[in-house]
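Novice: The structure that follows is given in the form of structure tokens.
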Amino acid sequence: MPFIPHTEADIAAMLDSIGASSLDALFDEIPVDLNCAGLGGIPPSLSEMAVTRLAHGRAAQDGFYSSFLGAGAYEHHIPAAVWQIVSRGEFYTAYTPYQAEASQGTLQLLYEYQTMMASLTGLDVSNASLYDGATALAEAVLMAVRANKAGVRRVLLPDTVHPRYRAVAQAMVKNQGIELVGVPFDKASGITDLAALEVMAGEAAALVIPQPNFFGALERVDALTDWAHAHAMLAIAVANPLALALLKPPGLWGEGTQTRGADICVGDGQPLGVPLSSGGPYFGFMTARQALVRQMPGRMVGRTVDLDGKPGFVLTLQAREQHIRRAKATSNICSNQGLLVTAATIHMALLGPEGLKNVALSSHANTRALIDKLVSLLGVERVFSSPFFHEAVIRVNIPVPDVLRALRAQGILGGYALGRDYPELADCILVCATETKTEDDLEQYRQQLERILSRRNGRDPSVPPCAYK
Amino acid sequence: MPFIPHTEADIAAMLDSIGASSLDALFDEIPVDLNCAGLGGIPPSLSEMAVTRLAHGRAAQDGFYSSFLGAGAYEHHIPAAVWQIVSRGEFYTAYTPYQAEASQGTLQLLYEYQTMMASLTGLDVSNASLYDGATALAEAVLMAVRANKAGVRRVLLPDTVHPRYRAVAQAMVKNQGIELVGVPFDKASGITDLAALEVMAGEAAALVIPQPNFFGALERVDALTDWAHAHAMLAIAVANPLALALLKPPGLWGEGTQTRGADICVGDGQPLGVPLSSGGPYFGFMTARQALVRQMPGRMVGRTVDLDGKPGFVLTLQAREQHIRRAKATSNICSNQGLLVTAATIHMALLGPEGLKNVALSSHANTRALIDKLVSLLGVERVFSSPFFHEAVIRVNIPVPDVLRALRAQGILGGYALGRDYPELADCILVCATETKTEDDLEQYRQQLERILSRRNGRDPSVPPCAYK
Amino acid sequence: MLIFEHAQTGRRAHAQAPYDAPAADDLPAELLRGTAPLLPESSELDVVRHYTRLSQKNFSIDTQFYPLGSCTMKYNPRACNTLAMLPQFLARHPLADAETGQGFFACLHELQEMLKQATGMAAVSLAPMAGAHGEFTGVAMIRAYHDARGDTARREIIIPDAAHGTNPATASMCGYTVREIPTDRQGNVDLEALRAVVGPHTAGLMLTNPSTLGVFEKAIVTILKIVHEAGGLAYYDGANLNAILGRVRPGDMGFDAIHINLHKTFSTPHGGGGPGAGPVGVSERLMPFLPIPYVLEERGLYRWAEEGDCSQSIGRLSAFGGNMGVLLRAWVYARMLGGVGLRRVADFATLNANYLAAELQKAGFDLAFPERRASHEFIVSLKKLKDATGVAAMDFAKRLLDYGFHAPTTYFPMLVPECLLIEPTETESKETLDAFVTAMAKVKEEAEMTPELVKGAPHTLPVRRLDDVKAARELDLAWKPV
Amino acid sequence: MLIFEHAQTGRRAHAQAPYDAPAADDLPAELLRGTAPLLPESSELDVVRHYTRLSQKNFSIDTQFYPLGSCTMKYNPRACNTLAMLPQFLARHPLADAETGQGFFACLHELQEMLKQATGMAAVSLAPMAGAHGEFTGVAMIRAYHDARGDTARREIIIPDAAHGTNPATASMCGYTVREIPTDRQGNVDLEALRAVVGPHTAGLMLTNPSTLGVFEKAIVTILKIVHEAGGLAYYDGANLNAILGRVRPGDMGFDAIHINLHKTFSTPHGGGGPGAGPVGVSERLMPFLPIPYVLEERGLYRWAEEGDCSQSIGRLSAFGGNMGVLLRAWVYARMLGGVGLRRVADFATLNANYLAAELQKAGFDLAFPERRASHEFIVSLKKLKDATGVAAMDFAKRLLDYGFHAPTTYFPMLVPECLLIEPTETESKETLDAFVTAMAKVKEEAEMTPELVKGAPHTLPVRRLDDVKAARELDLAWKPV
Ligand SMILES: Cc1ncc(COP(=O)(O)O)c(C=O)c1O
Ligand SMILES: Cc1ncc(COP(=O)(O)O)c(C=O)c1O
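Protein chains in written order, with our numbering: chain A, 8 to 476; chain B, 8 to 476; chain C, 74 to 555; chain D, 74 to 555.
Set out below in structure tokens:
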């Protein structure tokens, strides 16, 4: 009986105390005809040893790759200390800190996290996390619409925002009759087209501004922010938090001294100490101006004092949340991504402002070096002219799927094929080299790509066929 | 400055407080001509990320093998909980519990460990560990000699004891003028020759009795123990602690009701939750009869009470130890293998008596199955007739180094070549299959061995040459 | 002390960052940051020590009995953590081709299949990242279903008053109006009230069974019949699945959509707030609307089902498909328990709850539904004690902390005054339950003899009772350097 | 509560053992165990909870400042743990062929080379498993050297009275007689006394430098000259190497054999007692006697040097070559610090010690050697305080625990009455040192004002002062079921 401590004697004594004749008797309120015969369809119990062997086998089957994939999830070095502390039972096996006095560890950490995120984004307040960057964007859209006094239910969502984020936002807001309107990008620079925006002025509750955008390109965030405010819209930043160690924080976006900066900033916290993990768990972050704090979704931790006046921490502003406000809550979110926030907080504390900035700089330098190497090859060119941060788009003159498959056969994941989301960029690859990559890794990529391209005339016999269909 | 927190301002303020002009000034008592220029011969500092990459590369280079090696170190499944708890900072980064009140975690755990080991070996008292099984044997020999009222400095050490243990004991006791006398084994049964013993009666302080012995064979421990006592010698057991979940505990060895059992039991605790780890750290255990407690080396934890009468734990009988008794101490040991004992204690608690016995039984059954499979091959035979526990000797009819190298090329470590320590067994391999092995693993071994043996006439072209010379 | 207070300008954990990072001289100055963010400048030792010590200020399953009702705080097997964090799984990029992750996909696919078996649903998607996210998914599918049929007048979701707050909040997020229905004296849905609200506006019903009152909704078949006949669909909030695993399945009860909180029933850790995972299961008719991605198996090869595979899908719920690490932990758990073990979960969770209820009743506590069988949890009401002594459920809860027990859930469900919702889970031993009963009895006695002691609790924790009101009034959500 | 008291007959952690293990019907009954051993029968949750809670009762570097003199309790980088526990290193069998472990051997070989560089010795063996084991190795080599020359009358080892207990104990284990020599007022070896004892019976001298008094032996060259001229060899106890790393090397001082406590200077964790590692370094003349195994590199391939390689070796010190996991941790540490970083260790360990000494002196504490430069540690004597208040060093130490600081080493070295040997290490920040000074001053004040408070300390730990005498008189070394 894995994980069940009961001895025969325990069971007998307990049934006796209850006054029940058997375990079955405890289910006597369940209508008999609903009873299921058991879970025979589920494979039999394995010992920890056997599952360990199975899992190791599966992991070994998948192996490791030299990856140049970014597109919203980034490979960074995570200090060994981070997950050793995160895995401590006291963090790992606690619930949401409902009993504040018995949860000061988690609560203080969250308060520290909120402080770090507020500062990193240049805004006043942070919540304690949302599911991921994409749902955080959706929540920001809902928040902006709630905050809109005029009842406008339309939000401008540039095409340069991560396509998956746009899809999630769409799925999450459409049932509330909110319209998300795309904004095209300039084909030369790869950033949002300010001219196109002008056409859309007026009826929108907010403009979303990605920085860097999905192509790695740096948007003209000051102009966009000021434009949004000039048109009575909120400015919602979607940012890579690592980039913010280097880039102007959203809270300061805008030109001139009158600007108030972006109103809300969201993004995915994964680059801050969360392993790629095949896609999750990551965490969404959200910060905002103080004025919007009561519109925020998700938990927040506040500092207060105890009976003796000693400082301590509690969940606060719970009246926004579903367990109090129910149908009128700012969101239905309950469980969030607390443990990942724990990792991020320790990660940021270990790196500090200089360390985080160095990671950003090194990642960026690696991507620059890679791009330089690749565009030196015949048949490869850069696509967009804007400055980029740690990720950029290249165009290749043979079919992208073939290129990527051939690279994969050499243990290299060459990047993200943009054609899937942008048909006009079907010959383009989004590549990223973080600080984890060495000069040798970059050189491997270049050499392999050169080899692949140089055979462009015949079909390369070393390209394995696609496994699917 | 890795791991140094000092800021420039700190350094200035601290030097100021000291009244020193520079860091160099702090070393002004070191004779100038001894000053070394620095450690330029040591490679420059790497970031954690860079060392991580380097270490991962080295580990990947080594890879994994399907191993049938035992010979004193055994592959067992270790519950995931064990090392997750052991790695907790409070266990991992504490020192020897000199301040008992601030070390009740470690001290209580050690008391629990002592309890478990005493019971497992059937003896009264346990120390808190020695370096490894081999040094534990050496310490037992010294202890037996100390305890010998007649001043006899001779101990009988059968050839069936692990050759490395014998070597270590020799290195550690020879300077005190103690003589270790070998006892031959019976070539048919593979166990200590009782007849040969008779010849040696008289002048010895102790007889060492391995169970199982180095060949995996089960010694006639009752007869040996009684023989030792009949000749006024102490009986020193050297046991695999996992085997003791199944086998008669040394404290009960001997026939008839008058027997007092072995006097001391030592061994290596590695099978109790310690990974193979390329050879260490493991830990040596030692238990003994109460009467010998003051002769024991190493730390011991005792239960006592605090000022309020509440139970608590302290290091005790420290007057035996080097830091008090100095030149007259029972041993020079100071640091022991505490963290491994931590692992073993949690491991034993998780497995319990039934679990530990099941591991022993499964390991044994796997080895039996393997031996049956292998001896069914032409050219393979069992060597010794005695019953064995989870390890046994086979003879092959082509050179052992070739067999092992050919197996290794298939990812299999086929066992330990006995010729190195027993020239007369140059055609023999000691094999072991623990509970971690599946039927498929055993079958792989059989098939590969069959393939290798079937080519016995020509040199097998698939045998790679030896890398050395 | 905050980590910021351990910090010092110029201090660094030097091993943790590449040195001499090259300047980003290609980036326009106006896009760069002027001042450094307020991250602590600390040494590695200070960070490790600070967070290790902070952790010690938490109660957790690994350190305390944690009978937090509705949260299923059972033992989180350590192997789940170890195996979910195997380096290949951790290093895998979410957008890497499926060919490079067949081992990983095999685990997810098995989990998907096991969840189908355990719930009796026709199909499962692992995408939602928590229970509430699963609820959203389920209700969005219900809406997509009606919309697809042009049945667009259905704009109401019926929810019992005992429901968890996520249920009504979810309905609102899906653009629905909530119709709350009362609970009867026995803790059941009031059937008359249900009949009164159903109709052509009914999009569906959301129900937790066993309910958050800790009792099994006996008339479940009738309830679903009423809803279905009115043209509505039925959503099952699987937060309490631990109570009935292998005994009765939501699919067999007739539900159209469900979620499962893997961080409850499948014992993945809650991490002080999350992450969870809330896979959804659906009946045949909702299958076309399942969110993406989910795992497809075709001729022995696995891949994600994506946009092209399911044109009617409600779409994506996350950028990269869900909380994979949580799913892997649940997979390990389910494989260790197996079919028989999963059924035992319900048996022993129920045994523990009923035993604890019986013992507490013997110790003089009032059960909210004494005539009912407890499911995996049950409610004690301290109303009488409060009236007699002034000691409220919250005071009582805080005093339990002093005895080394995490408090049960307080003031939820809101219907029962001064309630404690107690869920022991199957992984706790009789001894632990007995010790808890002793502590409960002791606190009751204290409440009667020395009520101030209880009202001033806790007394032995890192802080005494904290001022919630001040926290909300004088908002302090981020530290500012002085 | 002991783990045995959480146990219950028939209870098990069921996931942790193969089921249905086949009987060992081939084994003779008389060789089998009759009754089961007294191991606890517990659930996995109970075990995890028990040991997690026990761990919280420890002070440790990760949770407290730990200025335990002579023990060098500095930050143990977490990366060392992670990387030493890479699965391939953990899974490697010690007897697997060297060809299968070239990556592993490369790390060890680098460590061997780095230690040679750091100590200035001609060769290093990584075999000894702790400092004392290294001492044994060193003295055994000295003996082997004399014996090999037929110089067998040398049967005495000279050891200063300030030496650690392992030094004399080691000499005895090697069959030597100990000649203790006194320390002068300045904390130096008494040269006259040394001259008086050396002679044809002298096998060697064992010395710690800086000594355990926290001062550098200025006349070290003279001392070694005296010993060498008498035909003896000199052994360096490297426990205090942290003080001089990169500043002065034992090899350059002229020592013949040394050990290094990797669990001190190279920051491998001490694990509540061990494991440590005590590699030995030797001068040219002792090279033939090095213990086996050590790592050989031949044409780019690594392997162990074994019996056949070195006929004069003193032999084996362990079954499988040493504490590999500790060595790997030290390798990671050394690679992260590099040559420059290792030198900084001594700089800042010394800065911290001298600063702390200066501040404590200002706070009214008596330094044992106020005219001397502190090395990486220093001694405070509480003799005056004791005389005035009755508060002994031990009381003082216990009271520091209440303030959240581990106590310094007490009553060692024995020469200084009521001493505290304080070693802050380089990884602690100025703030931490200042906080410690404040606590020291506070306890001093308490000792003066309310001595009983200090004598009754600790007051805030899991237990109050424990009765050592009872522990030794009424020996209770193992629990017995009642
Ligand atoms: C009954 C019930 N429904 C839904 C939820 C929400 O689940 P989650 O926290 O996973 O979003 C909970 C969580 O406590 C619950 O108890
Ligand atoms: C000066 C000195 N020498 C030797 C030793 C013994 O080292 P180990 O504990 O590693 O055996 C110590 C340990 O405390 C020490 O301080």
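Think of the CB as a built atom: it goes at the ideal place given N, C-alpha and C, for glycine as much as any other residue.
For clarity, every value in this text was computed on a predicted model and none was experimentally measured.
Does the distance from the CB of residue 244 (chain A) to the CB of residue 132 (chain A) come in under 7 Å?
Specialist: Mapped onto the first sequence, residue 244 (chain A) falls at position 237. Mapped onto the first sequence, residue 132 (chain A) falls at position 125. For residue 244 (chain A) and residue 132 (chain A), no; Cβs fall outside 7 Å.
Novice: Please classify residue 80 (chain A): is it buried, with 16 or more other beta-carbons within 10 angstroms of its beta-carbon, or exposed?
Specialist: In the first sequence, counting from the first residue as 1, residue 80 (chain A) sits at position 73. Classification of residue 80 (chain A): buried, given that the 10 Å Cβ count is 16 or more.
Novice: Do you know how far the Cα of residue 283 (chain A) is from the Cα of residue 82 (chain A)?
Specialist: Position 75 of the first sequence holds residue 82 (chain A). Position 276 of the first sequence holds residue 283 (chain A). Their backbone Cα atoms lie some 6 Å apart in a straight line.
Novice: Please list the partners that residue 409 (chain D) has in chain C, where partner means a Cβ-to-Cβ separation under 8 Å.
Specialist: Within the fourth sequence, residue 409 (chain D) is the residue found at index 336, counting from 1. Under the 8 Å cutoff, chain C gives 88.
Novice: Is any beta-carbon of chain A found at less than 7 Å from that of residue 124 (chain C)?
Specialist: Within the third sequence, the letter at position 51 stands for residue 124 (chain C). So yes, residue 124 (chain C) belongs to the interface.
Novice: For the structure I just gave you, are there three or more beta carbon pairs, one from the segment 83-94 of chain D and one from the segment 143-163 of chain A, closer than 8 Å?
Specialist: Counting Cβ pairs under 8 Å, fewer than three are found: no touch.
Novice: Taking the alpha-carbon of residue 374 (chain B) as reference, which of B:336, B:449, B:230 has the nearest alpha-carbon?
Specialist: Translated into positions along the second sequence, residue 374 (chain B) becomes position 367. Measuring from the Cα of residue 374 (chain B), the nearest candidate turns out to be B:449.
Novice: Just curious, the alpha helix (DSSP H) that residue 153 (chain C) is in, first and last residue?
Specialist: Mapped onto the third sequence, residue 153 (chain C) falls at position 80. Residues 151-157.
Novice: What do you get for residue 229 (chain D), buried or exposed, if any count of 16 or more other CB atoms within 10 angstroms of its CB means buried?
Specialist: Within the fourth sequence, numbered from 1, the residue matching residue 229 (chain D) stands at position 156. Counting Cβ neighbours within 10 Å, residue 229 (chain D) comes out buried, since at least 16 surround it.
Novice: If we ignore side chains and look at the alpha-carbon of each, how far apart do residue 174 (chain A) and residue 278 (chain B) end up?
Specialist: The residue you call residue 174 (chain A) lines up with position 167 of the first sequence. The residue you call residue 278 (chain B) lines up with position 271 of the second sequence. Distance between the alpha carbons of residue 174 (chain A) and residue 278 (chain B) is about 54 Å.
Novice: If you follow the beta strand (DSSP E) that residue 218 (chain B) is part of, which residue opens it and which one closes it?
Specialist: To locate residue 218 (chain B), count along the second sequence from 1; it is residue 211. From DSSP, the beta strand (DSSP E) with residue 218 (chain B) extends over 213-218.
Novice: Is any beta-carbon of chain D found at less than 7 Å from that of residue 279 (chain B)?
Specialist: For the purposes of this step, residue 279 (chain B) is taken as the residue at position 272 of the second sequence. Residue 279 (chain B) does not count as touching chain D.
Novice: For the beta strand (DSSP E) that residue 552 (chain D) lies in, which residues bound it at each end?
Specialist: Residue mapping note: residue 552 (chain D) aligns to position 479 of the fourth sequence, counting from 1. Per DSSP, residue 552 (chain D) belongs to no beta strand (DSSP E) and is neither H nor E.
Novice: Among the candidates B:23, B:25, B:15, B:42, whose CA atom is the shortest distance from the CA of residue 327 (chain D)?
Specialist: Position 254 of the fourth sequence, counted from the first residue, corresponds to residue 327 (chain D). Of the listed residues, the one whose Cα sits closest to residue 327 (chain D) is B:42.
Novice: Quick check: is the beta carbon of residue 84 (chain A) nearer than 7 Å to any beta carbon in chain B?
Specialist: The count along the first sequence starts at 1 and reaches residue 84 (chain A) at position 77. Chain B, which has a Cβ nearer than 7 Å to the Cβ of residue 84 (chain A), makes this yes.
Novice: How long is the line joining the alpha carbons of residue 262 (chain B) and residue 217 (chain B), rounded to whole angstroms?
Specialist: For the purposes of this step, residue 262 (chain B) is taken as the residue at position 255 of the second sequence. For the purposes of this step, residue 217 (chain B) is taken as the residue at position 210 of the second sequence. Answer to the nearest angstrom: the Cα atoms are 17 Å apart.
Novice: Taking the C-alpha atoms as reference points, what is the distance between residue 239 (chain D) and residue 336 (chain B)?
Specialist: On the fourth sequence, position 166 is the one that residue 239 (chain D) refers to. On the second sequence, position 329 is the one that residue 336 (chain B) refers to. Roughly 9 Å between the two C-alpha positions.
Novice: Got a sec: which bits of the segment 124-150 of chain D sit with their beta carbon under 9 Å from any beta carbon on chain B, in order along the chain?
Specialist: So the close ones are 124, 125, 126, 127, 128, 129, 130, 131, 132, 133, 134, 135, 136, 137, 139, 141, 144, 146, 147, 148, 149, 150.
Novice: Any beta carbon from chain G within less than 7 Å of residue 56 (chain A)'s own beta carbon?
Specialist: Looking at the structure shown, chain G is missing, and the protein chains on hand are A, B, C and D.
Novice: Say yes only if the C-beta of residue 391 (chain C) is nearer than 6 Å to one or more non-hydrogen atoms of ligand 1, and no if none qualify.
Specialist: In the third sequence, the residue the question calls residue 391 (chain C) occupies position 318. No - ligand 1 has no heavy atom lying nearer than 6 Å to the Cβ of residue 391 (chain C).
Novice: Check this for me: beta carbons of residue 181 (chain C) and residue 368 (chain C), under 7 Å apart or not?
Specialist: Against the third sequence, residue 181 (chain C) aligns to sequence position 108. Against the third sequence, residue 368 (chain C) aligns to sequence position 295. Going by C-beta atoms, residue 181 (chain C) is nearer than 7 Å to residue 368 (chain C).
Novice: What are the start and end residues of the beta strand (DSSP E) that includes residue 451 (chain D)?
Specialist: Taking the fourth sequence and counting its residues from 1, one reaches residue 451 (chain D) at position 378. First-last of the beta strand (DSSP E) with residue 451 (chain D): 451-454.
Novice: How far does the alpha helix (DSSP H) with residue 260 (chain A) in it reach, from first residue to last?
Specialist: By 1-based counting over the first sequence, the position of residue 260 (chain A) is 253. Unbroken run through residue 260 (chain A): none, as it is neither H nor E.
Novice: Would you say the segment 372-380 of chain D touches the segment 121-130 of chain B, given that touching needs at least three Cβ pairs under 8 Å?
Specialist: Result no; under three Cβ-Cβ pairs closer than 8 Å.
Novice: DSSP state of residue 195 (chain B), grouped into three classes?
Specialist: As a first step, residue 195 (chain B) is located in the second sequence; it is residue number 188 there, counting from the start. Coil at residue 195 (chain B), not helix or strand.
Novice: What residues in its chain sit with their C-beta under 8 Å from that of residue 52 (chain B), if we drop five residues either side in the sequence?
Specialist: Taking the first residue of the second sequence as position 1, residue 52 (chain B) is located at position 45. Taken in chain order, the residues that qualify are 9.
Novice: Taking the alpha-carbon positions, what's the residue 393 (chain A) to residue 198 (chain A) distance?
Specialist: The sequence position of residue 393 (chain A) within the first sequence is 386, counting from 1. The sequence position of residue 198 (chain A) within the first sequence is 191, counting from 1. Answer to the nearest angstrom: the Cα atoms are 7 Å apart.
Novice: Taking contact to mean at least 3 C-beta pairs separated by less than 8 Å, is the segment 358-368 of chain D in contact with the segment 187-205 of chain D?
Specialist: The segment 358-368 of chain D is in contact with the segment 187-205 of chain D.
Novice: When the cut-off is 7 Å and only beta carbons count, does residue 155 (chain D) lie next to chain A?
Specialist: For this step, residue 155 (chain D) is matched to residue 82 along the fourth sequence. Chain A, which has a Cβ nearer than 7 Å to the Cβ of residue 155 (chain D), makes this yes.
Novice: On a Cα-Cα basis, can you pick out the residue from A:400, A:423, A:25, A:363 that is closest to residue 225 (chain A)?
Specialist: As a working note, residue 225 (chain A) is residue 218 in the first sequence. Among A:400, A:423, A:25, A:363, the Cα nearest to that of residue 225 (chain A) belongs to A:400.
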